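Chemist: Chains as they are written, first to last, in our numbering: chain G, 18 to 547; chain W, 18 to 547.
Where a beta carbon is used, it is the ideal one built from N, C-alpha and C, also for glycine.
Just so it is clear, the structure is predicted and the values come from calculations on it, not from any experiment.
There are 2 protein chains.
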Amino acid sequence: MSPSAVDVDVKGVTDTTALVAPDPTTINALAAWRIKGAVPTGTAALSNSDMFKSPACFTKPKAKRWDHIISNEAKARKPSTLKGAAEYLKRPGMISLGGGLPSSENFPFEEISMKIPSPPGFSEEETRVSGRTVTAHKHDIREGRSLFDLEVALNYGQATGFAQLLRFVTEHTEIVHTPPYADWQCCLTVGSTYSWDSALRVLCERGDYILTEEYSFASALETAQPLGIRAAAVGMDEQGLRADALDEVLTNWDSKARGARKPHLLYTVPSGQNPTGATQSAHRRAEVYKVCQKHDVYIVEDEPYYFLQMQPYKAGVPPPSSRDEFLKILLPSFLKLDVDGRVLRLDSFSKVLAPGSRVSWIVASEQLVERFTRHFECSVQNASGVAQIALFKLLDEEWGHAGYLDWLIHLRLSYTRRRDDMLHACEQYLPKEVTSWVAPTAGMFHWIEVAWRKHPGFAKGLSHAEIEESIFKASIDRGSLLCQGSWFRADTNIPEDKMFFRATYAAAPANKIQEAIKRFSDALRAEFAL
Amino acid sequence: MSPSAVDVDVKGVTDTTALVAPDPTTINALAAWRIKGAVPTGTAALSNSDMFKSPACFTKPKAKRWDHIISNEAKARKPSTLKGAAEYLKRPGMISLGGGLPSSENFPFEEISMKIPSPPGFSEEETRVSGRTVTAHKHDIREGRSLFDLEVALNYGQATGFAQLLRFVTEHTEIVHTPPYADWQCCLTVGSTYSWDSALRVLCERGDYILTEEYSFASALETAQPLGIRAAAVGMDEQGLRADALDEVLTNWDSKARGARKPHLLYTVPSGQNPTGATQSAHRRAEVYKVCQKHDVYIVEDEPYYFLQMQPYKAGVPPPSSRDEFLKILLPSFLKLDVDGRVLRLDSFSKVLAPGSRVSWIVASEQLVERFTRHFECSVQNASGVAQIALFKLLDEEWGHAGYLDWLIHLRLSYTRRRDDMLHACEQYLPKEVTSWVAPTAGMFHWIEVAWRKHPGFAKGLSHAEIEESIFKASIDRGSLLCQGSWFRADTNIPEDKMFFRATYAAAPANKIQEAIKRFSDALRAEFAL
């Protein structure tokens with residue numbers, strides 16, 4: 018049934034000398050370890066990242082244990098009895114009347130094809146000309162045409178994800194982040210919002226506080242609040258979360274006044290933070306990690322915008338000259354710094370391929386990924402097999418790691434252009450007397466500060482909230498929608514000193530961005546009587 | 018952008034007189050109300066089932082309110098601030114720099130095609146000959162080719178599901194179940210296991226008991242247990258859950274002895290129950306509903322096997338002569354009996370199309386579906402758009418309701434053949450001295466009772482568990498895997514009087530089923546020294 022290891026085709030291998038001297042941090046070395054292991058291709062076959070990690074991983078020290086922060090709910094989860102019985106299926110000749118899996122003859126999809134871009138022709142126009150159509154059939158595995166097919170993808174799968182895609186995601190994680198401990202694992206999920214919901218349930222109890230940026234992703238806060246989990250706001254600067262502010266909150270934590278134990282979990286968006294667009298420098302990340310070590314805080318890094326790190330905001334900077342250079346100029350993730358195994362990375366295809374895939378993954382130490390897997394088994398089970406096989410065909414069979422990195426470079430340049438369009442419009446239109454901003458270096462958000470105390474209403478006693486709402490409405494009336502900064506406040510008990518509006522450059526085309534900023538500018542001029 | 022109402026093509030309309038005299042319970046009437054409403058086709062457009070229900074629905078009384086059973090977690094959920102801002106997007110000419118939705122130019126799928134069966138040629142062989150290939154392009158909506166496309170499906174969507182598929186599911190629900198109250202709603206989810214996990218979080222508190230069959234779906238129990246929710250076992254007979262036993266448990270509930278309030282939630286699988294294969298008759302369902310009314314118990318009906326209701330187990334029964342006859346011979350769901358709006362129906366494509374779609378839906382009163390929607394917004398967000406558009410192309414654009422019912426009839430006959438193969442094998446091989454069973458009328462499970470007290474070990478003092486394990490192992494040693502009945506016990510504190518093994522006829526081909534039953538039979542003969 019399962020093609021042998023040597024059938025595995027390794028895309029993107031441009032330097033075969035790497036096969037001799039494997040370096041796990043480069044894609045050229047991939048062939049060396051990939052070729053050693055076959056992919057389990059049976060229906061609902063078990064797999065884990067260890068099958069796909071390079072040998073170098075296993076020489077590193079193991080992660081710390083996190084028993085003291087695992088929730089009562091997560092502690093109580095046991096492996097499924099029925100899934101345990103699957104062990105017996107490995108015996109040769111065993112016939113199973115056990116699991117209630119439908120027969121693939123009753124899946125009404127014989128083939129699924131997709132037309133996808135051929136690197137380097139990534140644009141819609143180029144794809145129309147040079148795009149390739151790839152097809153998944155129902156029985157490609159049996160017929161030796163592929164490692165993955167509809168018979169498997171359309172049936173039930175394991176919570177960790179289908180081995181075929183888990184392999185790609187594991188390799189990608191090693192290439193980009195090279196975690197500095199041995200027993201890290203990936204597990205596919207159904208989107209980072211769900212990963213975060215699960216993280217709260219696996220790592221927190223009702224009544225806990227979590228630490229997060231003073232302006233934080235609204236949905237992340239709204240996910241925590243109904244679970245009885247409150248946010249302790251940590252001060253920010255133009256690099257996002259401040260390590261000194263984090264230390265201060267933790268050092269001065271007053272359990273009695275707060276009515277809660279000292280927080281043990283930091284939620285942070287290190288790159289292109291939502292809503293501020295701020296990006297933590299490499300130095301800042303190391304500082305934050307050190308503070309988390311000092312106070313034994315576990316880190317959840319939510320990194321949808323990691324590959325939306327952009328070119329510097331100045332003319333004439335050439336794009337990365339190679340994939341290796343591209344990888345080198347990326348900021349280190351917390352996972353890359355994670356000597357303790359104290360990081361849960363929420364990774365996602367939503368901002369780099371398509372949100373509608375609803376396929377994402379987490380990376381953490383084996384102990385925690387095992388608890389998350391038990392959690393997923395009794396909730397979402399696994400990400401859609403239709404989406405998983407589409408991503409496998411695209412990423413593994415067609416593009417390979419090299420093609421995917423090329424795509425990410427293409428995306429970097431595309432977002433750089435969008436960001437530049439936004440900043441040019443702001444420079445052209447926004448009244449400098451009352452607005453200021455820092456050019457974003459990652460993500461999809463531009464965070465515009467408004468000097469609200471210069472608003473005529475301020476002298477008349479209008480509140481921060483009233484002035485913010487007035488500006489928002491004035492912009493709406495002129496046909497331009499930006500988000501109010503106050504919508505993103507982690508702790509609404511702390512009075513707001515500054516005022517911000519969030520504008521995204523991800524969606525609208527350049528001329529619309531320009532027009533929307535012009536309208537917002539008109540609204541500001543009217544409001545501030547400029 | 019959005020095609021007008023009259024562009025909507027109604028598949029499966031064979032009787033145009035129905036357009037004059039609409040009867041909401043038949044598919045022929047569908048055109049009459051479908052044609053009245055356009056489908057919202059914008060990116061992440063809001064929709065709900067009311068847009069797609071027949072006018073007759075709204076003349077019925079409204080559901081009861083369920084404030085008294087909604088959990089603290091669910092009560093605390095608020096509508097998203099950011100999603101609230103989307104209201105402004107309806108204003109003509111508004112440019113949004115609000116939501117962080119990626120631009121579709123960066124989705125690397127230009128087209129997705131699928132080869133699917135053409136009714137009535139549903140088999141794999143027929144599909145190879147007469148199957149049709151249908152294609153979703155990126156901009157079909159803009160270009161007037163379809164109501165749904167990849168630009169929309171691959172972006173973020175609403176938690177309720179994309180309107181295009183929500184419409185089909187709503188119509189299907191009305192055709193099959195015709196809920197007897199006005200304000201029912203459907204909401205797509207990512208599989209019934211997740212719907213159940215959500216139901217526990219929306220409707221229960223830690224420490225609660227739920228009511229369920231004494232042998233119950235193991236994963237459903239494993240989902241409840243880590244949330245601190247225990248199962249109160251209700252006695253069963255060959256029709257599954259006993260109404261009198263349910264009344265007894267509720268009437269004699271001793272809150273002090275149990276350490277929990279009287280249960281307010283029943284979890285039941287009415288058709289082809291897992292693991293017993295039992296199916297509640299129409300009369301039984303009405304009795305159970307009445308007991309639930311008496312004790313104000315809310316019902317969760319988990320119905321993955323509803324359309325695996327089979328032909329009677331006797332030779333020469335002709336298949337349903339028409340779609341109308343097929344609909345008439347289906348047992349009434351609890352939803353169909355639900356005058357109070359006290360039923361949450363968990364519906365799913367897993368057993369009738371493909372589990373790998375990870376697309377399912379719930380039906381309940383508006384009040385509860387609204388709470389579930391808030392829950393999904395902060396967890397899974399929405400089912401995969403890739404799977405949703407594949408199902409839309411198949412079900413709505415190609416098959417229509419008529420074709421889908423034809424498929425379900427095809428499946429009914431296919432499962433009837435499989436069930437018959439299983440029963441023939443059992444009749445041929447199993448030792449009658451120690452085995453007995455009831456022919457299943459729905460689902461994928463055959464529940465075999467073993468007269469364990471006749472086992473030689475019984476006289477020697479071996480326990481129920483030891484004898485069950487011994488038989489299980491003896492069968493494994495002969496290469497046949499069946500599930501132990503005890504794996505499915507709702508309350509392990511109650512001593513087991515009987516002994517069962519569960520065998521599925523869903524997956525293995527006929528000759529393998531025969532061989533596996535033969536091996537199990539050999540194991541029994543050896544164990545019982547027959």
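Spatial neighbours of SER113/W within its chain, please: C-beta separation below 7 Å, excluding the five flanking residues on both sides.
Modeler: LEU106, listed in sequence order.
Chemist: Grab me the residues of ASP413/G's own chain with a C-beta within less than 6 Å of its C-beta, minus the 5 sequence neighbours each way, in chain order.
Modeler: So the list reads PHE185, once near-sequence residues are dropped.
Chemist: Evaluate the contact criterion for the stretch 494-501 of chain W versus the stretch 520-539 of chain W: three or more CB pairs, one atom per stretch, below 8 Å.
Modeler: Touching, yes.
Chemist: Counting only the same chain and skipping the five closest in sequence on each side, list residues whose C-beta sits under 6 Å from that of LEU282/W.
Modeler: The residues are LEU220, ILE227 and TYR315.
Chemist: Is SER431/G helix, strand or coil when you go by DSSP?
Modeler: SER431/G falls in the helix class under three-state DSSP.
Chemist: With a threshold of 7 Å between beta-carbons, can SER548/G be considered close to chain W, or not?
Modeler: Since the first residue of chain G shown is 18 and the last is 547, residue 548/G is not available in this structure.
Chemist: By the 7 Å beta-carbon criterion, what residues does the stretch 211-222 of chain G contribute toward chain W?
Modeler: Within the stretch 211-222 of chain G, the qualifying residues are TYR211 and ASP214.
Chemist: Could you say which of ASP225/W, VAL169/W, ARG149/W and THR296/W lies nearest to GLU255/W if we only look at CA atoms?
Modeler: It is THR296/W.
Chemist: Would you say ALA523/W reaches chain G, if we count a Cβ-Cβ gap shorter than 7 Å as a contact?
Modeler: Yes, because at least one Cβ of chain G sits closer than 7 Å to the Cβ of ALA523/W.
Chemist: Can you tell me whether DSSP reads GLY110/G as helix, strand or coil?
Modeler: Correct three-state label for GLY110/G: coil.
Chemist: At the 7 Å Cβ level, is ILE465/W part of the contact set with chain G, yes or no?
Modeler: No, no contact with chain G.
Chemist: Using 7 Å as the limit for Cβ to Cβ distance, is ALA371/G near chain W?
Modeler: It does; some Cβ of chain W falls within 7 Å.
Chemist: Spell out whether any CB of chain W is found under 7 Å from the CB atom of LYS107/G.
Modeler: So no, LYS107/G is outside the interface.
Chemist: Does the stretch 402-411 of chain W touch the stretch 153-167 of chain W, meaning 3 or more C-beta pairs lie closer than 8 Å?
Modeler: As far as the Cβ criterion goes, the stretch 153-167 of chain W touches the stretch 402-411 of chain W, which means the pair count is three or higher.
Chemist: Give the residues of chain W in contact with ASN123/G, contact being defined as C-beta atoms less than 7 Å apart.
Modeler: Correct list: LEU428 and SER431.
Chemist: Tell me whether the beta-carbon of SER377/W lies closer than 7 Å to the beta-carbon of SER365/W.
Modeler: Taking 7 Å as the Cβ cut-off, SER377/W and SER365/W qualify as a contacting pair.
Chemist: Verify the CB distance criterion: does ASN172/W have a CB-CB separation below 7 Å to chain G?
Modeler: ASN172/W counts as touching chain G.
Chemist: Please classify LEU361/W: does DSSP put it in a helix, a strand, or coil?
Modeler: Strand at LEU361/W.
Chemist: Since VAL448/G and PHE545/G should fall inside the 8 Å C-beta cutoff, what is the C-beta to C-beta distance between them, to a whole number of angstroms?
Modeler: Checking the sequence, you will find Pro at residue 448/G rather than Val. Going by Cβ atoms, the distance from PRO448/G to PHE545/G rounds to 7 Å, so yes, they are a contact pair.
Chemist: So which residues of chain W does MET111/G contact, with C-beta pairs closer than 8 Å?
Modeler: Neighbours of MET111/G on chain W, chain order: ILE493, GLY496, SER497 and LEU498.
Chemist: Answer yes or no: does any C-beta atom of chain W fall closer than 7 Å to that of GLY551/G?
Modeler: Any question about residue 551/G goes unanswered here, given that chain G covers just 18 to 547.
Chemist: With burial defined as no fewer than 16 other Cβ atoms inside 10 Å of the residue's Cβ, what is the status of PRO134/W: buried or exposed?
Modeler: PRO134/W comes out buried.
Chemist: Decide if the stretch 147-158 of chain W is in contact with the stretch 180-199 of chain W; the criterion is three or more beta carbon pairs, one per stretch, under 8 Å apart.
Modeler: The stretch 147-158 of chain W is not in contact with the stretch 180-199 of chain W.
Chemist: Along the chain, where does the beta strand (DSSP E) that runs through TYR323/G open and close?
Modeler: Note, TYR323/G: premise wrong, no beta strand (DSSP E); not H, not E.
Chemist: Is GLY252/G helix, strand or coil when you go by DSSP?
Modeler: In the structure shown, GLY252/G sits in coil (DSSP, three-state: anything other than H, G, I, E or B).
Chemist: The alpha helix (DSSP H) that contains LYS307/G, what's its start and end?
Modeler: First-last of the alpha helix (DSSP H) with LYS307/G: 299-311.
Chemist: Whole angstroms are fine: how far does the CA of LEU263/G sit from the CA of ASP357/W?
Modeler: Approximately 52 Å, taken between the alpha carbons.
Chemist: Could you tell me whether any Cβ in chain A is nearer than 7 Å to the Cβ of ALA419/G?
Modeler: Among the protein chains in the structure shown, which are G and W, there is no chain A.
Chemist: Residue ranges of each alpha helix (DSSP H) run of no fewer than 4 residues wholly in the stretch 185-224 of chain G, ordered along the chain?
Modeler: You should have 209-220.
Chemist: Start and end of the alpha helix (DSSP H) containing SER64/W?
Modeler: Segment: none, SER64/W is in no alpha helix (DSSP H) and carries neither H nor E.
Chemist: Could you tell me which chain W residues have their CB closer than 7 Å to the CB of GLN242/G, listed as they occur along the chain?
Modeler: Chain W residues near GLN242/G: ALA93.
Chemist: At least one CB of chain W closer than 7 Å to the CB of GLY117/G: is that the case?
Modeler: Yes - at least one Cβ of chain W is within 7 Å of the one on GLY117/G.
Chemist: Starting from the beta carbon of PHE462/W, find every residue of chain G whose beta carbon is closer than 9 Å, and list them in chain order.
Modeler: Within chain G, the residues near PHE462/W are GLY117.
Chemist: State the start and end residues of the unbroken beta strand (DSSP E) segment that holds LYS132/G.
Modeler: Looking at the DSSP string, the run of the beta strand (DSSP E) that includes LYS132/G is 128-133.
Chemist: What residues match up with THR144/G in a beta bridge as DSSP calls it?
Modeler: For THR144/G, which the question treats as bridged, DSSP gives no partner whatsoever.
Chemist: Who pairs with TRP378/G in a beta bridge, going by DSSP?
Modeler: BP columns for TRP378/G point to LEU205/G and ASP364/G.
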